[in-house]
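What follows is a single structure, written as structure tokens, with notes after it.
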Amino acid sequence: MTMIAHTSEIPYFGEHTQLTILCNSCGWKHTDFIPAEGSKPGGWSLKVNSLEHLNARVVRSSSCTVRLVELSLEASPGSSSSGYISNIEGVFNRFENVIMMLHEQADDDDTAKQCEALLQEIAKISTGQGSIELLLLDPMGHSQILHEDAKPRDLTEDELSKLQTGPLIPVFDADDL
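Sequential numbering from 1 applies to the sequence shown in our numbering.
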């Protein structure tokens with residue numbers, strides 16, 4: 001196992017540590033972002049309704065659920081979830097890639113048509129011809145949308161009870177290895 005930790009400053013987000021753990025034997029990899037300052041469970045939302053919003057920075061930790069509200073699309077953290085830093089256009093691209101994969105594997109016309117409709121909606125929004133709410137829900141509080149129009153909020157107890165937290169990565173002391 002190899003662990004790489006890199007501490008840096010992200011503008012408007014503050015100091016954070018990017019932690020990457022690699023297994024040289026099997027190729028397993030996990031990346032996450034941990035803010036230097038303490039954090040509490042929280043959500044961030046942004047109504048994406050301009051081309052300028054597509055450039056807004058997104059810091060998504062491995063514990064964050066990402067939603068495109070009006071399209072009823074959600075990416076929940078699973079056991080292999082990793083954090084990333086991107087922009088909103090990059091988040092849309094991640095959704096598009098999964099939808100295209102589902103479209104290619106569709107066994108029936110209804111599923112294929114649903115995929116095509118979702119891809120058309122995302123393409124419309126990506127060219128400034130529509131709007132959608134992007135929502136980040138992070139029970140660990142390590143995720144954020146970095147834009148002046150983005151709105152932070154606390155998570156409700158009900159939301160916290162329903163959200164997945166992603167992988168639980170063990171932390172070792174050097175003496176344990």
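Backbone N, C-alpha and C fix where the C-beta goes; we use that ideal spot for every residue, glycine too.
Pick from the options that is closest to residue i, judged by C-alpha positions
| i | options | result |
| --- | --- | --- |
| L155 | L54, E116, S45 | S45 |
| E96 | E74, H53, D149, S81 | E74 |
| I99 | G83, T165, Q120, S50 | Q120 |
| W28 | I122, A117, M3 | M3 |
| E9 | H53, A150, M140, I85 | I85 |
| K162 | Q144, I145, P139, N55 | P139 |
| T127 | H53, L102, R94 | H53 |
| K151 | E104, N93, V48, Q129 | V48 |
| R94 | I21, P41, L118, G130 | L118 |
Contact check, residue i vs residue j, beta carbons under 8 Å
| i | j | result |
| --- | --- | --- |
| H147 | F33 | no |
| L200 | I132 | Residue 200 lies beyond the range of the chain shown here (1 to 177); nothing can be said about it. |
| S82 | S63 | no |
| G43 | R153 | yes |
| H25 | Q164 | It should be pointed out that residue 25 corresponds to Ser in this sequence rather than to His. Going by C-beta atoms, S25 is not nearer than 8 Å to Q164. |
| T17 | H6 | yes |
| V66 | R60 | yes |
| G90 | G166 | no |
| I145 | V58 | yes |
Residue i - DSSP class collapsed to helix/strand/coil
| i | result |
| --- | --- |
| M100 | helix |
| K180 | No answer is possible for residue 180: it lies beyond the span of the chain, which begins at 1 and ends at 177. |
| I88 | helix |
| K29 | strand |
| D185 | Residue 185 is absent from the structure shown; the chain starts at 1 and stops at 177. |
| S80 | coil |
| Q164 | coil |
Inter-residue CB distance, residue i and residue j (contact presumed, cutoff 8 Å)
| i | j | result |
| --- | --- | --- |
| I88 | L134 | 6 Å |
| L137 | E159 | 6 Å |
Chain B contact for residue i (CB, 8 Å cutoff)
| i | result |
| --- | --- |
| I132 | Protein chains in the displayed structure number just one, and chain B is not present. |
Exercise for review: With a floor of 3 residues, list each beta strand (DSSP E) that falls wholly inside the segment 48-72, ordered by position along the chain.
Suggested key: 57-60, 65-68
Check your understanding: Which runs of the beta strand (DSSP E) fall wholly inside the segment 117-141 and span at least 3 residues, in chain order?
Key -> 132-138
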